[in-house]
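In order, the protein sequences belong to chains A and B. Per this note's numbering, the first sequence runs over residues 1 to 288. Per this note's numbering, the second sequence runs over residues 1 to 288. Presented below is the structure to which this report refers.
Number of protein chains: 2
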Amino acid sequence: MRVVKSVSTMQRLARNWRRRGVRIGFVPTMGYLHAGHVSLIQRARRIAGKNGIVIVSIYVNPAQFGPAEDLSRYPRDFDRDWQLCRQAGADVIFAPNDAQMYPGQGEGRYSTYVVEERLSRSMEGQSRPTHFRGVTTIVAKLFNIVLPDAAVFGAKDFQQAAVIQRMVQDLNFPVKIVVAPTVRETDGLAMSSRNKYLDASQRPQATVLWKVIQRAKAAVKNSSRPLAAEKLRRELKAFIQRQPAARVDYIQFFDAQTFEPVRTVTGGTHIALAAFLGNTRLIDNGTL
Amino acid sequence: MRVVKSVSTMQRLARNWRRRGVRIGFVPTMGYLHAGHVSLIQRARRIAGKNGIVIVSIYVNPAQFGPAEDLSRYPRDFDRDWQLCRQAGADVIFAPNDAQMYPGQGEGRYSTYVVEERLSRSMEGQSRPTHFRGVTTIVAKLFNIVLPDAAVFGAKDFQQAAVIQRMVQDLNFPVKIVVAPTVRETDGLAMSSRNKYLDASQRPQATVLWKVIQRAKAAVKNSSRPLAAEKLRRELKAFIQRQPAARVDYIQFFDAQTFEPVRTVTGGTHIALAAFLGNTRLIDNGTL
Chain A
1 MRVVKSVSTM
11 QRLARNWRRR
21 GVRIGFVPTM
31 GYLHAGHVSL
41 IQRARRIAGK
51 NGIVIVSIYV
61 NPAQFGPAED
71 LSRYPRDFDR
81 DWQLCRQAGA
91 DVIFAPNDAQ
101 MYPGQGEGRY
111 STYVVEERLS
121 RSMEGQSRPT
131 HFRGVTTIVA
141 KLFNIVLPDA
151 AVFGAKDFQQ
161 AAVIQRMVQD
171 LNFPVKIVVA
181 PTVRETDGLA
191 MSSRNKYLDA
201 SQRPQATVLW
211 KVIQRAKAAV
221 KNSSRPLAAE
231 KLRRELKAFI
241 QRQPAARVDY
251 IQFFDAQTFE
261 PVRTVTGGTH
271 IALAAFLGNT
281 RLIDNGTL
Chain B
1 MRVVKSVSTM
11 QRLARNWRRR
21 GVRIGFVPTM
31 GYLHAGHVSL
41 IQRARRIAGK
51 NGIVIVSIYV
61 NPAQFGPAED
71 LSRYPRDFDR
81 DWQLCRQAGA
91 DVIFAPNDAQ
101 MYPGQGEGRY
111 STYVVEERLS
121 RSMEGQSRPT
131 HFRGVTTIVA
141 KLFNIVLPDA
151 AVFGAKDFQQ
161 AAVIQRMVQD
171 LNFPVKIVVA
181 PTVRETDGLA
191 MSSRNKYLDA
201 SQRPQATVLW
211 KVIQRAKAAV
221 KNSSRPLAAE
231 KLRRELKAFI
241 QRQPAARVDY
251 IQFFDAQTFE
261 PVRTVTGGTH
271 IALAAFLGNT
281 RLIDNGTL
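So, in C-alpha cells, the structure goes:
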C-alpha cells in the first residue's frame, strides 16, 4: 500500500490509471478510522474490482469546521489508520497537508469555493453555516485530484451524501456516488470518530440518538394515521433530554428527496437529528 | 465534424477518448463566432495535435447574464458557426440547450455553483455582480463534460481568463488553461460578438477603447516618472467621452497577478476598461 502526500503526484498517478482503463474507487475520510470507514473501503474494493485501485484520502479539512468547532482537537492516529486501510483492501492512502490542499490561503491566493444552495440550508447547514461549503469544495478538489470512477460515502452523514450527490449531478462530475449503510456499535450508537470524545458517563447516554429513531419508528408503526411532526418532535426531544448529559440541537422530519420538512410523519418519512452529549455533538438519521 | 447536443453523449465520448489517450483541446464559446474565436480553435488544434480532438462548445449561458442584460437578444447563427468551426479545424461542436445544462432549475432541482471570491470582485464583477459566478459554474460543468487536457480562452476577457485560471488551480482541475491574444479589426476594435449591436454611427466611435489603451501606453512611455492613476483615469475618461455615443463604465489600472488596483502607473501595469456605445457594452484591456 502506497502513501501519497503530494497533490501533483496523486493526480499524475490517477491520470495514468485512468488512461490505462484502471477503475478507481475512492473513500474520502478525515482519518481516525473505525468500522464504518472500513465498510466503505470494502465497498470501494468491490466496486473497483481486483484489477482496480482503491484510494482512501485522510485529510482533516479546515474549511468544513466552524471557528468554535473541534478542528484543533479532532482525533488523529495515522499508524492505526494505515493498518485499517491495508486490512480493508486499500491500495493508496492520499494524505495531503493544508499547504498542499489550500496553497497560499493565508495570503489571499486561495479563493474558489463550491456552494450548494438548497439541500445544504437546513439541519447541519443551519447549525454549522460554513460546513457544507467546506465539504463540497474539498470533495470537488479531491475528485479532480483522485479522478475516481466511484466514491463511497456513509449514510450516517445523510445530508452530506445528498449534498454531494446534488453537486455531482449539477456540476456533471463523471463520478458515481455510492452511499453505504451506517455501521453501529452493538448497543446502536452510530460509529463516529467523535465518539472518542465521550467519557464513561456520556458513552451509555449517547445511545439515545439511536433509541429515539427506534421510538419514532414504533410511533409511526403503531399509529393508523399520520402523526403531527411538531408533537412527535417535542416528545422525542423530551425523551432525549431525560439523559442528563444530552441536549438536542435539532430533530427534523423531511422528504429524503427534496429535504423539505414535513408537517405530518408517515412510513417513509426521514428523520435526522443532532444532539450534544456534554460538549460532543453527534448526529444520526433513519427512515421511519 | 460532429454536432453533439446531449451532455451524457458528450461525456461518454470524452471519457472514451481519454481512456484511449487521445488529447482533447477545448474552446468554450457562446457562439456567433468571429476571427477571435477562430484563432482560439486553431490554437486548440495545435495543442491537441493531428491525432487529438478539438471540441468547441456553443452555449449562451443564462447564468452569466444579469436580469437587465442582453441574454434574449444575444446574436445566434448556428450555420455560420458550423462553417467557421469546420474551417478552423474543430472535430466536435458541443451545443447543449438549457434543459441539458440546468435540468430542473425552475423547480429548484439545480442548486450548485462555483464561486471565485477575490479576482472576480472588481471591474466586470462589480459592474455585473452575478456574472463570474455564472462563468465559473458553466466552465466547471463544461470541463467535467468535455474532460479537456487544455482549454483556450481569449485575452480580450482578461479578468475572465484570470478567474478561470484561479478556479482551475484552486479546485485542481486537471486542465491546462491557455490564453490567446485578442484579435482586432484593422482599425483596432477588439473582435466581439457584441460588435454586431453597433449601428453605423457607433461603429467608428467604438475604436476609442483601443485608442485609449494606446494613449495610456504613450503616456507611460513619454513619462520619466510613474503616473498618478487617478489623474490618468480622468484624462482617459474625458478622451473616451468626447465620442458622443460613448459612456465609460470603468477604467482600472491594476497588477495583473493580484488584480489589486494600483495608485501609480508604470510600464507593466495592466489597464482594463468597459464602455457603453449607445446601449452596447464593450470591454478591452492591455499591458502598458
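Using N, Cα and C, we set each Cβ at its ideal position, and we do this for glycine too. Being a predicted model, the structure only gives us computed values, none of them experimental.
May I ask you to list the residues that DSSP assigns as paired with residue i?
| i | result |
| --- | --- |
| A/Asp-284 | A/Leu-273 |
| B/Gln-252 | B/Ala-272 |
| B/Ser-57 | B/Pro-28 and B/Phe-94 |
| A/Arg-184 | A/Ala-190 |
| A/Gly-106 | For A/Gly-106, which the question treats as bridged, DSSP gives no partner whatsoever. |
| B/Glu-116 | A/Thr-112 |
| A/Gly-154 | A/Ala-180 |
| B/Pro-261 | B/Phe-254 |
| B/Leu-198 | B/Leu-198 pairs with nothing; no bridge assigned. |
| B/Leu-227 | B/Val-265 |
| A/Arg-247 | A/Phe-276 |
| A/Arg-2 | A/Val-92 |
What residues in its chain sit with their C-beta under 6 Å from that of residue i, if we drop five residues either side in the sequence?
| i | result |
| --- | --- |
| A/His-34 | Met-191 |
| A/Gln-165 | Ile-177 |
| B/Gly-104 | Tyr-110 |
| A/Thr-355 | Outside the shown range of chain A (1 to 288) lies residue 355 of chain A, about which nothing can therefore be said. |
| A/Ser-201 | none |
| B/Arg-233 | Ile-251 |
| A/Met-10 | Val-4, Phe-94 and Ile-145 |
| B/His-37 | Thr-29 |
| B/Ile-47 | Gly-25 and Ala-150 |
Give me the Cβ distance between residue i and residue j, rounded to the nearest whole Å; I'm assuming they're in contact under 8 Å.
| i | j | result |
| --- | --- | --- |
| B/Leu-288 | B/Ala-216 | 6 Å |
| B/Ser-6 | B/Leu-142 | Actually they do not touch by this definition, with Cβ atoms about 14 Å apart. |
| A/Pro-148 | A/Gly-25 | 6 Å |
| B/Ala-272 | B/Gln-252 | 5 Å |
| A/Val-152 | A/Leu-40 | 5 Å |
| B/Ala-162 | B/Phe-254 | No, B/Ala-162 and B/Phe-254 are not in contact; Cβ-Cβ is about 10 Å, not under 8 Å. |
Cutting at 8 Å between CB atoms, please list the residues of its own chain near residue i, excluding the five before and the five after it.
| i | result |
| --- | --- |
| A/Thr-130 | Ala-63, Gln-64 and Gly-66 |
| A/Gly-49 | Arg-23 |
| A/Gln-205 | Gln-243, Pro-244, Ala-245, Ala-246 and Leu-277 |
| A/Ala-140 | Val-114, Met-167, Leu-171 and Phe-173 |
| B/Met-1 | Trp-82, Cys-85, Arg-86, Ala-90, Asp-91, Val-92 and Ile-93 |
| B/Lys-237 | Val-248 and Ile-251 |
| B/Ile-184 | The sequence given here places Arg at residue 184 of chain B; Ile does not occur at that position. Once the five neighbours on either side are set aside, the close Cβ partners of B/Arg-184 are Ala-190, Met-191 and Trp-210. |
Going by other Cβ atoms of all chains shown within 10 Å of its Cβ, with 16 needed for buried, is residue i buried or exposed?
| i | result |
| --- | --- |
| A/Asp-79 | exposed |
| A/Asp-284 | buried |
| A/Gly-106 | exposed |
| B/Ser-72 | exposed |
| A/Lys-196 | exposed |
| B/Asn-61 | buried |
| B/Val-135 | buried |
| A/Asp-157 | buried |
| B/Gln-159 | buried |
| A/Val-179 | buried |
| B/Gly-268 | exposed |
| B/Ala-229 | buried |
| B/Asn-144 | buried |
| B/Arg-225 | exposed |
| B/Ala-99 | exposed |
| B/Arg-20 | exposed |
| A/Ala-44 | buried |
So, at 7 Å on beta carbons, what are the nonlocal neighbours of residue i in its own chain, with the 5 sequence-adjacent residues on each side left out?
| i | result |
| --- | --- |
| A/Ser-127 | Asp-249, Tyr-250 and Ala-274 |
| A/Tyr-102 | Tyr-110 |
| B/Lys-211 | Gly-188 |
| B/Pro-75 | Tyr-32, Ser-193 and Lys-196 |
| A/Ile-213 | Ile-271, Asp-284 and Gly-286 |
| A/Ile-240 | Val-208, Val-212, Ala-246, Val-248 and Ala-275 |
| B/Trp-17 | Ile-24 and Ile-53 |
| B/Glu-116 | Phe-132, Thr-136, Val-163, Arg-166 and Met-167 |
| A/Leu-77 | The sequence as given places Asp at residue 77 of chain A; Leu does not occur at that position. Excluding residues within five positions, the ones whose Cβ falls inside 7 Å are Tyr-32. |
| B/Glu-235 | none |
| B/Ala-219 | Leu-227 and Leu-232 |
Determine, using beta carbons only, whether residue i comes closer than 8 Å to chain D.
| i | result |
| --- | --- |
| B/Tyr-113 | No chain D is part of this structure, whose protein chains are labelled A and B. |
Subject >> Three-pair Cβ contact test at 8 Å for the segment 79-99 of chain B versus the segment 233-253 of chain B >> reply: no
Subject >> Meets three-Cβ-pair contact criterion under 8 Å: the segment 116-125 of chain A and the segment 110-117 of chain B >> reply: yes
Original post:
Can we say the segment 171-188 of chain A touches the segment 255-270 of chain A, given the rule of at least three CB pairs closer than 8 Å?
Top reply: The segment 171-188 of chain A is not in contact with the segment 255-270 of chain A.
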